[in-house]
Amino acid sequence: MLLLGCLVVSIFNIFFANTTVDWIISYALLAVYIGFIAVDIQRVKRLADSNQLNLNSSLLLALNLYIDFVYVFIRVVALVGNSRRN
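Residues in the sequence shown are numbered from 0 upward in steps of one, following numbering that gives the first Met the number 0.
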């Protein structure tokens with residue numbers, strides 16, 4: 000739900016170009032993806048504890064975590080870049 004809200008606000012922000020709204024969206028998306036990382040780690044732990052972890056699910060879970068970490072890294076770099084610009 001928060002992702003959808005960020006998408007709608009981002010579309011409106013294209014026309015209004017408010018930097019404060021841009022910061023809020025960036026931090027909200029960063030928080031959402033940190034939450035995704037926590038959920039994915041819990042999923043890995045749950046599958047490992049129940050011995051249902053096979054090669055295919057391991058690869059998919061690792062890919063999900065990798066994508067989440069890359070997105071968080073990109074968001075952090077963008078926030079640092081924006082803070083240096085201002």
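The beta carbon of each residue, even a glycine, is placed where N, CA and C say it ideally should be. Please read all numbers here as calculations on a predicted model, not as lab measurements.
| query | result |
| --- | --- |
| For L1, tell me which candidate among F14, I23 and F72 has the shortest Cα-Cα distance. | I23 |
| Which term fits Y32, buried or exposed, when burial requires 16 or more other beta carbons within 10 angstroms of its beta carbon? | buried |
| Under a Cβ-count criterion, where at least 16 other Cβ atoms within 10 Å of its own Cβ denotes burial, should L54 be classed as buried or exposed? | exposed |
| Between C5 and L28, is the Cβ-Cβ spacing less than 7 Å? | yes |
| For the alpha helix (DSSP H) holding A16, just list the boundary residues, first then last. | Note, A16: premise wrong, no alpha helix (DSSP H); not H, not E. |
| Quick check on DSSP: helix, strand or coil for L52? | coil |
| Straight-line CA distance for A61 to I36? | 11 Å |
| Only counting the same chain, and skipping five residues up and downstream in sequence, which positions put a Cβ closer than 7 Å to that of V20? | V8 and N12 |
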